[in-house]
Amino acid sequence: MIEIIDVSKTYSAGGVKAVDGMNLKIEPGKIFGFLGPNGAGKSTTIKMLTGLLLPDQGNIRINNIDILKEPIKAKTIIGYVPDEPVFYEKMSGAQFLGFIADIFRMDAGSRAAAAAIAEEFGIGDKLGEAVSSYSHGMKQKLSITAALMHNPEVFILDEPITGLDPQSAFILKTKMRELCKQGKTVFFSTHVMEVAEKICDEVGIINKGRIIVRGDLNEIRAGQASGPDDSLESIFLELTNEHIDIN
Ligand SMILES: Nc1ncnc2c1ncn2[C@@H]1O[C@H](COP(=O)(O)OP(=O)(O)OP(=O)(O)O)[C@@H](O)[C@H]1O
Ligand SMILES: [Mg+2]
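Per numbering that gives the first Met the number 0, numbering through the sequence shown is continuous, rising by one, with the last residue being 246.
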């Protein structure tokens, strides 16, 4: 479960209020899609959820663990795929996964599971090579493998689909579904409306640091003046852009 309680964040550089009084609760066993225009505050929210950025005010709880009070404990149950993964590029893929396994104090069984995940994503035969030689998509797959290898209770991904080939995107979506079926929580940001429409139990749209709508798609459609058959894309455009006439 993820609870965001009255969270705000202003960056001192530029003074932008990136997240403005956000309240959000995501129940376990759900896939939550986080949508919003560029600069809306998605990555800022995600960095606060994962303990990488401190909120100016408010509380965040991950499975009832306060990320501010017990960051290490919370991080042990989070799997995080950042928007721009960072590696020690001179390490091989296997060394990088071993390094992550050491941080999480994983046992031999879990380490073997990591190799199996890498294999599924089609980078198994690349693990002996330096990360610097990986393509963008391969790095993304390594990052996803590293986030999944400790079998997280809460899986948080920042635009994970971008850059993945269709086969890998399918595997990732299947994994997200599997985690949910096990009662875990999945929170991901995306700009791909079709993906959100297809796999999310719930979506939230953020604009200028505020959640402007949330719910399952039927609820959101029902709340729209334009009608129950609207695509998520047209609802998104209507709610987030005052300047486009989509009709
Ligand atoms: N490190 C930073 N320093 C100063 N301002 C920042 C920083 N990171 C983000 N911002 C600002 O905070 C706001 C929210 O940015 P954020 O990266 O959270 O948006 P986003 O919704 O993830 O956008 P995108 O879809 O482009 O990834 C923007 O106005 C951005 O310019
Ligand atoms: Mg972002």
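Note that beta-carbon positions come from the ideal geometry of N, C-alpha and C, so glycine has one too.
F235 - DSSP class collapsed to helix/strand/coil:
helix
Measure the C-alpha to C-alpha separation of S142 and I45 and round it to an integer number of angstroms.
16 Å
Using only the heavy atoms of ligand 1, determine whether one of them is closer than 7 Å to the beta carbon of V6.
no
Backbone CA spacing between F31 and G203 [nearest angstrom]:
7 Å
According to DSSP, is N150 part of a helix, a strand, or is it coil?
coil
Quick one: residues in its chain with C-beta nearer than 7 Å to the C-beta of Y79, no 5 flanking neighbours on either side, listed in chain order?
T49, A146, I155
What distance in whole Å lies between the Cβ atoms of I64 and K72, which are believed to be in contact at a cut-off of 8 Å?
5 Å
So within the stretch 173-215, which uninterrupted alpha helix (DSSP H) runs reach at least 4 residues, ignoring any that extend past its ends?
192-198
Enumerate in chain order the residues of its own chain whose CB-to-CB distance from N246 is below 6 Å, with the five nearest sequence positions on each side excluded.
Interpretation of N246 is limited by its pLDDT of 47, a score under 50 that renders its predicted location unreliable; no figure is taken from the coordinates.
To the nearest angstrom, how far is the alpha carbon of A113 from that of V6?
34 Å
Tell me whether the stretch 156-164 and the stretch 187-194 touch, counting them as touching only if at least three CB pairs, one residue from each stretch, are closer than 8 Å.
yes
Does the Cβ of L49 lie closer than 7 Å to at least one heavy atom of ligand 1?
Note that residue 49 is Thr in the sequence shown here, rather than Leu. No, since every heavy atom of ligand 1 falls outside the 7 Å radius drawn around the Cβ of T49.
Please report the distance separating the alpha-carbon of G127 from that of A100.
16 Å
By alpha-carbon positions, which one of I1, D200, S11, A17 ends up nearest to G208?
A17
Beta-carbon spacing of S167, G121 below 8 Å
yes
For ligand 2, list every residue whose C-beta falls under 7 Å from any of its heavy atoms, going in chain order.
K41, S42, D82, D157, E158, S188
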